[in-house]
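Going by numbering that gives the first Met the number 0, the first residue of the sequence shown is number 0, and it counts up by one from there.
Note that beta-carbon positions come from the ideal geometry of N, C-alpha and C, so glycine has one too.
Remember, it's a predicted structure, so these values are computed and weren't measured experimentally.
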Amino acid sequence: MIDRGHLQRLSSSLVMSSFMSMALSGVFSLLEFGISWLWLQVWGQSILIALPIAFSLDMIFGDKLRFLSDKLADKAASARL
């Protein structure tokens, strides 16, 4: 049985990497090809390449980056006081 925290981390990584893969590959391929059928084809192929890369990077670096982001937010919040 998978631990709830581990399952939450996996699902969080999958959601974030899916969103970022679709959004960024869509934007950059749109800038390259414009709105066309070719753009849709290239975008679909780009997502298939970007998703496993983004998911792997999130699984490797995600916890460290979230920790760093929390520290920066804490510093910014304490500086405002």
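Do you know offhand how far residue i's Cα is from residue j's?
i: residue 41; j: residue 78; result: 45 Å
i: residue 71; j: residue 62; result: 14 Å
i: residue 37; j: residue 27; result: 13 Å
i: residue 50; j: residue 14; result: 10 Å
i: residue 43; j: residue 30; result: 15 Å
Taking its Cβ as the centre, do 16 or more other Cβ atoms sit within 10 Å of residue i, making it buried, or is it exposed?
i: residue 66; result: exposed
i: residue 54; result: buried
i: residue 68; result: exposed
i: residue 11; result: exposed
i: residue 16; result: buried
i: residue 24; result: buried
i: residue 22; result: exposed
i: residue 75; result: exposed
Among the options, which one has its Cα closest to the Cα of residue i?
i: residue 59; options: 39, 43, 9 and 21; result: 9
i: residue 81; options: 19, 73 and 30; result: One cannot answer for residue 81 here, as it falls past the ends of the chain, which runs 0 to 80.
Grouping DSSP H, G and I as helix and E and B as strand, with all else coil, what is residue i?
i: residue 62; result: helix
i: residue 12; result: helix
i: residue 2; result: coil
i: residue 48; result: helix
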